Amino acid sequence: MYGQPKRKLTLMPLVALGALSLAVTLPALSSTVHAAPPVTYTTVTVQPGQTLWTLAEARTPANGDVQATVDQIVAANHLGGAELKIGQRLRLPQ
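Residue numbering for the sequence shown follows my numbering, starting at 7 and increasing by one per position.
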């Protein structure tokens, strides 16, 4: 008689933990993972007056984030700063 309440107290947290585990894992198992399409690049040669911003601005869709495009260009070309040299070849995302 005295053993039953103790058993219930031990069993209840385990049941709750099992239910929580199912609630977390089932949606993850049923969702479909979509990979981002690969980024393709074009190579350009820097012309007088061009900056990272102007190159990115020309590649960014309307209402897009120009700074994000600048960041992509910097990463794709392993640039240490924003300064470009005339004749420098850059990979730009398409």
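Don't be surprised by glycine CBs; every beta carbon is placed ideally from N, CA and C.
For clarity, every value in this text was computed on a predicted model and none was experimentally measured.
Please determine, among Gly24, Thr31, Leu26 and Arg97, the residue with the shortest C-alpha to C-alpha distance to Thr75.
Position 69 of the sequence shown, counting from 1, holds the residue named residue 75. Closest option to Thr75, Cα to Cα, is Arg97.
Within 10 angstroms of its Cβ, does Ala62 collect 16 or more other Cβ (buried), or is it exposed?
Within the sequence shown, numbered from 1, the residue matching residue 62 stands at position 56. Classification for Ala62: buried.
What does the alpha-carbon distance come out to for the pair Leu26 and Leu20?
The residue given as residue 26 occupies position 20 in the sequence shown. The residue given as residue 20 occupies position 14 in the sequence shown. Between the C-alpha atoms of Leu26 and Leu20 there is a straight-line separation of about 10 Å.
What is the rounded straight-line gap between the Cα of Leu85 and the Cα of Thr49?
For the purposes of this step, residue 85 is taken as residue 79 along the sequence shown, with counting starting at 1. For the purposes of this step, residue 49 is taken as residue 43 along the sequence shown, with counting starting at 1. Here the alpha carbons of Thr49 and Leu85 stand approximately 15 Å from one another.
Proximity winner among Pro44, Thr51 and Thr16, relative to Ile92 (alpha-carbon distances)
Here the question's residue 92 lines up with position 86 in the sequence shown. Nearest C-alpha to Ile92: Thr51.
Beta-carbon gap between Gln100 and Val45 smaller than 9 Å
Indexing the sequence shown from 1 puts residue 100 at position 94. Indexing the sequence shown from 1 puts residue 45 at position 39. Yes; because the gap between Cβ atoms is below 9 Å, this pair is in contact.
Apart from the five residues just before and just after Thr57, which ones in its own chain have a Cβ nearer than 8 Å to its Cβ?
In the sequence shown, the residue the question calls residue 57 occupies position 51. Result list for Thr57: Ala88 and Leu90, in chain order.
Going along the chain, which residues of its own chain have a beta-carbon closer than 7 Å to the beta-carbon of Asn83, five neighbours each way excluded?
For this step, residue 83 is matched to residue 77 along the sequence shown. Cβ neighbours of Asn83 beyond the five flanking positions: Leu96 and Arg97.
Below 8 Å on the Cβ atoms is my guess for Trp59 versus Val72; work out the distance and round it to an integer in Å.
Counting from one through the sequence shown, the residue named residue 59 turns up at place 53. Counting from one through the sequence shown, the residue named residue 72 turns up at place 66. The beta carbons of Trp59 and Val72 sit about 7 Å from each other, so the pair counts as a contact at 8 Å.
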